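Q:
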Amino acid sequence: MTTAPHPAAANRTITLSTSGLAAADVLAVARRGAEVRLDPAAREEVARVRTHIEDLALGETPVYGVSTGFGALADTSIPPSQRHALQRSLIRSHAAGAGGEVEPEVVRALMLLRARTLASGRTGVRPVVVETILALLNAGITPIVHEYGSLGCSGDLAPLAHCAIVLMGEGRARDRDGVERPVPELLAEAGIEPVLLEEKEGLALINGTDGMLGMLLMALADLDELVRAADLTTALTVQGLRGRDTVFHPELHTPLRPHPGQAASAANILAVLQDSPIIADVAAEGSRVQDAYSLRCAPQVAGGVRDTIEHARTVADRELAAAIDNPVVLEDGTVTSNGNFHGAPVAYVLDFLAVVSADLASITERRTDRMLDKSRSHGLPPFLADDPGVDSGFMIAQYTQAGLVSEMKRLAAPASADSIPSSAMQEDHVSMGWHAARKLRTSVDNLRRVLAIELLAAARAIDLRAPLEPSAASRAVIDVLRRTVEGPGPDRFLAPDIAEAEARLRDGSVLAAAAEVTGPLR
Numbered sequence: 043m044t045t046a047p048h049p050a051a052a053n054r055t056i057t058l059s060t061s062g063l064a065a066a067d068v069l070a071v072a073r074r075g076a077e078v079r080l081d082p083a084a085r086e087e088v089a090r091v092r093t094h095i096e097d098l099a100l101g102e103t104p105v106y107g108v109s110t111g112f113g114a115l116a117d118t119s120i121p122p123s124q125r126h127a128l129q130r131s132l133i134r135s136h137a138a139g140a141g142g143e144v145e146p147e148v149v150r151a152l153m154l155l156r157a158r159t160l161a162s163g164r165t166g167v168r169p170v171v172v173e174t175i176l177a178l179l180n181a182g183i184t185p186i187v188h189e190y191g192s193l194g195c196s197g198d199l200a201p202l203a204h205c206a207i208v209l210m211g212e213g214r215a216r217d218r219d220g221v222e223r224p225v226p227e228l229l230a231e232a233g234i235e236p237v238l239l240e241e242k243e244g245l246a247l248i249n250g251t252d253g254m255l256g257m258l259l260m261a262l263a264d265l266d267e268l269v270r271a272a273d274l275t276t277a278l279t280v281q282g283l284r285g286r287d288t289v290f291h292p293e294l295h296t297p298l299r300p301h302p303g304q305a306a307s308a309a310n311i312l313a314v315l316q317d318s319p320i321i322a323d324v325a326a327e328g329s330r331v332q333d334a335y336s337l338r339c340a341p342q343v344a345g346g347v348r349d350t351i352e353h354a355r356t357v358a359d360r361e362l363a364a365a366i367d368n369p370v371v372l373e374d375g376t377v378t379s380n381g382n383f384h385g386a387p388v389a390y391v392l393d394f395l396a397v398v399s400a401d402l403a404s405i406t407e408r409r410t411d412r413m414l415d416k417s418r419s420h421g422l423p424p425f426l427a428d429d430p431g432v433d434s435g436f437m438i439a440q441y442t443q444a445g446l447v448s449e450m451k452r453l454a455a456p457a458s459a460d461s462i463p464s465s466a467m468q469e470d471h472v473s474m475g476w477h478a479a480r481k482l483r484t485s486v487d488n489l490r491r492v493l494a495i496e497l498l499a500a501a502r503a504i505d506l507r508a509p510l511e512p513s514a515a516s517r518a519v520i521d522v523l524r525r526t527v528e529g530p531g532p533d534r535f536l537a538p539d540i541a542e543a544e545a546r547l548r549d550g551s552v553l554a555a556a557a558e559v560t561g562p563l564r
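Numbering of the sequence shown is given in this note's numbering, commencing with residue 43 and proceeding in unit increments.
#1: Could you say if the segment 61 to 76 and the segment 90 to 101 meet the contact criterion of at least three C-beta pairs nearer than 8 Å?
#2: Closer than 7 Å, CB to CB, is L497 near chain D or not?
#3: What's the call for T57, buried or exposed, on a 16-neighbour Cβ count within 10 Å?
#4: Would you check if there are 3 or more beta carbon pairs closer than 8 Å linking the segment 461 to 475 to the segment 191 to 198?
#5: Cβ atoms of A518 and I559: under 7 Å apart, would you say?
#6: For T406, which three-state DSSP category applies?
#7: Less than 8 Å between C-beta atoms, sequence neighbours within five positions excluded: which residues of the same chain meet that for E143?
#8: Count the other C-beta atoms from every protein chain shown that fall within 10 angstroms of the C-beta of T410, then say buried if there are 16 or more, exposed otherwise.
#9: For R85, name the three-state secondary structure that DSSP assigns.
#10: Pull up the distance between the alpha-carbon of L563 and that of V71, whole angstroms please.
#11: How many angstroms separate the CA atom of I320 from the CA atom of E511?
#12: Looking at the unbroken beta strand (DSSP E) that takes in T55, where does it start and where does it end?
#13: Going by DSSP in three states, T356 sits in which element: helix, strand or coil?
#14: Helix, strand or coil: which one does DSSP assign to E361?
#15: For R156, count the other beta carbons within 10 Å of its own beta carbon; 16 or more makes it buried, fewer makes it exposed. Which is it?
#16: Let me check understanding here. Comparing Cα to Cα, which of L179, A127 and V398 lies closest to A151?
#17: From what residue to what residue does the alpha helix (DSSP H) around R524 run?
#18: Between which two residues does the beta strand (DSSP E) harbouring G141 extend?
#19: Under 8 Å: do the segment 513 to 528 and the segment 285 to 300 share three or more Cβ pairs, one atom per stretch?
#20: In its own chain, which residues sit with a C-beta less than 7 Å from the C-beta of V343, not counting the 5 before and 5 after it?
#21: Is DSSP giving A50 helix, strand or coil here?
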């Protein structure tokens, strides 16, 4: 998808100050096209700090990125007459990405987060650099950024350079409608002057963890929704399989094992199961003491996912408060080198989230498979088929789940455990955080698809239990699904049904339907 979000979707204007941004601000700009303005006080601070760089540029002492080359060429002195060329060459040479295009929401987050650090007053750029980034965002101009080119150390170098080169009036970009057009034409149409980069500005534009952080923030927002959706589909499956609700009672969680995520998950499942006639019928029958682990242990797994999300959110919030550049301008005007551009803290949690997403998908697929197996489904037809033998029912939908889960297990292998030295061994340990973020985006999308298939199967299983009814919250969810997906019947083209269920998870309508009965799920 290459279409940029339209500012008409924005419901507020974000003000960029020296203190940074909240996660919600980044999502508003990246996904909903909110406009951004630079706080006048931040502009004043950026201009004040710039004077330190200008003084150093006139001095005799070599300063990295101001009067020297970069990376392994840090000891090469550059005369004043060549410094515009130095910054321009830096951006051109670093805009060396390859592969497919990165999604517009990622590029917008990348640009906004770099502007956030530049506005902190710790990087030494001129205000015009920050203002030009914001002008691009507000005009809906999205640089074309490629999949490969960042090692997650010394910044997301190639991705950020592909954004920076557009500020210079070069490179490639798309307009608000997603159409690629010449960059000079796009800038002229928006009334944006290309930036002639001064000392240190090229370096400041590319030296940050902004891409991996932006993708982390978006993954956290998506996983917040999906972990609640997993509780919801679990509750539907418990009813479809004539399971028990006793294992979700609160006295079995916080008092015995005080993991907050586990307690929240159990509470959500119990709320959705409240007053279910199916559950009441199971209790009256009294034929089974325990359900399978994929039902009974759902709060422990989804709860662990929740607690991992909260740890990752802590890291993201700390990173949002950071000013990452090298060299950096300290409060007293000192310009000094540092290693804060290293993406390790972000890369680790990106990998952690890929692990727990894969496990949540794995337990979901196991519940779905149980509903399709006549020997384990407690009275459901094989594969939930209308006429088993003639019809295959959901047989291949489970295959699709299995394929998605298998890929997610491969994607759970950590990128952050790898490192490939670069820049003539000057940059001899890197985080691979960008790659951790890219694979997490695939995992999040796959998790939504796995949950969509469980939603379809559980709704069908519940309908096949008629005349017994599910809980009111479950019925509300099924009613939303049935607006676009038919109930039990002969085999039909199933891929559109999966896409519809995925769309209902993406737009939040099934969660909203449940919440109208239960109140907001935790």
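Even for Gly, the Cβ is constructed at its ideal location relative to N, Cα and C. Since the structure is predicted, the reported quantities are computational estimates derived from the model, not experimental observations.
A: Here's the rundown:
#1: The segment 61 to 76 is not in contact with the segment 90 to 101.
#2: The chain inventory of the structure shown lacks chain D, comprising one protein chain alone.
#3: T57 comes out exposed.
#4: With a cut-off of 8 Å, the segment 191 to 198 and the segment 461 to 475 count as touching, because enough Cβ pairs lie within range.
#5: A quick correction: the sequence has Val, not Ile, at residue 559. Yes, Cβ-Cβ distance for V559 and A518 is below 7 Å.
#6: Annotated three-state conformation of T406 is helix, per DSSP.
#7: Result list for E143: T44, I186, V187, H188 and E189, in chain order.
#8: Around the beta carbon of T410, 16 or more other beta carbons lie within 10 angstroms, which makes this residue buried.
#9: Reduced to three states, the DSSP call for R85 is helix.
#10: Answer to the nearest angstrom: the Cα atoms are 26 Å apart.
#11: Straight-line Cα distance between these residues: approximately 6 Å.
#12: For T55, the uninterrupted beta strand (DSSP E) segment begins and ends at T55 to L58.
#13: Correct three-state label for T356: helix.
#14: Reduced to three states, the DSSP call for E361 is helix.
#15: Around the beta carbon of R156, 16 or more other beta carbons sit within 10 angstroms, so the residue counts as buried.
#16: Nearest C-alpha to A151: L179.
#17: Going by DSSP, R524 is part of the alpha helix (DSSP H) stretching over A514 to R524.
#18: According to the DSSP assignment, G141 belongs to the beta strand (DSSP E) that extends over A140 to E143.
#19: The way I'd put it, the segment 513 to 528 doesn't touch the segment 285 to 300; fewer than three beta-carbon pairs between them come closer than 8 Å.
#20: These residues qualify, in order along the chain: D401, L402 and I405.
#21: Confidence in A50 is poor, its pLDDT being 43 and thus under 50, which makes the residue's placement unreliable; the coordinate value appears in the next sentence. DSSP places A50 within a helical segment (H, G or I) once states are collapsed to three.
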